[in-house]
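In what follows, a single structure is set out as structure tokens and then discussed.
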Amino acid sequence: MKKHKVTQNIGFALLFLCMAVTLFFLGAIIYFITIRGIKVISWEFLTQVPRNGMTEGGVAPAILGTFYLTMGAILVSLPLGLACAIYLCEYSPKSALVNLIRMSINNLAGVPSVVFGLFGFAVFVKYMKFGVSILSGSLTLGILALPVIISASQEALTAVPQSLREASLALGASKWQTIKKIVLPTALPGILTGVILSIGRVAGETAPILFTAATFYTRHYPDSVFSEVMALPYHIYALMTEGTHPDKQAAIAYGCGLILLVLVLLISTIAIVIRQKQRVIHG
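Just so you know, my numbering puts the end of the sequence shown at 360, numbered straight through with nothing missing.
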């Protein structure tokens, strides 16, 4: 008994150590970005367009462009990913083909983002002639987010007790009514977890929008889904690699990094609040 207790204490100590290391690096990243980025944050920086070779002014077009691309990607990926997960979990027969599809979806999550960018460029920009635009970028980022949303939705749907389905069917509800009224509301917190993870990924991607949506510099705000946009990830990349005034532009890049971090946290917080409310309702 004493040996098992010692082993348990060692295991808990290792888990605590791993958690502490993870929190340390997370805190270090946030602290580093905040200290370097807060120096340039001002109302003008948040609301004005870039000026003088992106060494003055603000980054408002990049903030708006990032928001449009992120929300567009979620609007594309969430319905498609949820529909796919519902079919795989509730309707598809158990077969080797279905298992192969599920394995392919999981493998798709590991494909480098630049490959998705090349796909979006070939299909949406060139073949479908959407051009370099918000629409092309949103569709590409939406496909990028699909594996995460599908996998999270499948896990959430699978976690719903089978007894709830059986009780609903026994009361005379159809299969779709059971899914719509019982399964989906119960699984919603888990589905929103996938959405939160997807927001964090698509908002920070550079390679896909490099080919499909982003422009190096513009003083104008987008006026349609076919407009090209500035975006914070690409703007940071451009400032750090192609700038002619590195002293000024490096500070602006850190400011963009801080804004991007806050933007992702704000959008994710909204999803987390909704998830918590659903857990209380269905808990």
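For each residue, glycine too, the CB sits at the ideal point set by N, CA and C.
Bridge partners - glycine 214, DSSP secondary structure assignment: Glycine 214 pairs with nothing; no bridge assigned.
When His297, Leu342, Ala308, Lys354 are compared against arginine 128, the one with the closest alpha-carbon: From the listed residues His297, Leu342, Ala308, Lys354, the smallest Cα separation to arginine 128 is found for His297.
Alpha helix (DSSP H) runs wholly inside the segment 134-192, at least 4 long, in chain order: 137-163, 173-185
Per-residue burial, leucine 221 [other beta carbons within 10 Å of its own, 16 or more giving buried]: buried
Bounding residues of the alpha helix (DSSP H) (the contiguous stretch that carries tyrosine 311): 309-319
Check whether serine 215 and leucine 265 have beta carbons under 9 Å apart: It is not a contact, given that the beta carbons lie outside the stated cut-off.
Contact between the segment 273-292 and the segment 222-236 (3+ Cβ pairs under 8 Å): In short, these stretches touch, since the Cβ pair count reaches three.
Straight-line gap, lysine 82 to isoleucine 112 (C-alpha atoms, nearest Å): Between lysine 82 and isoleucine 112, the C-alpha separation is close to 44 Å.
Where glutamate 282 falls, given that 16 or more other Cβ within 10 Å makes a residue buried: buried
Straight-line gap, threonine 346 to leucine 337 (C-alpha atoms, nearest Å): 14 Å
Collapsed DSSP secondary structure at arginine 128 in the structure displayed: strand
Contact set for leucine 241: own chain, Cβ-Cβ below 6 Å, skip 5 residues either direction: Ile259
Of the listed residues Pro299, Lys252, Lys79, nearest to glutamate 243 (C-alpha basis): With distances taken between CA atoms, glutamate 243 lies nearest to Lys252 out of Pro299, Lys252, Lys79.
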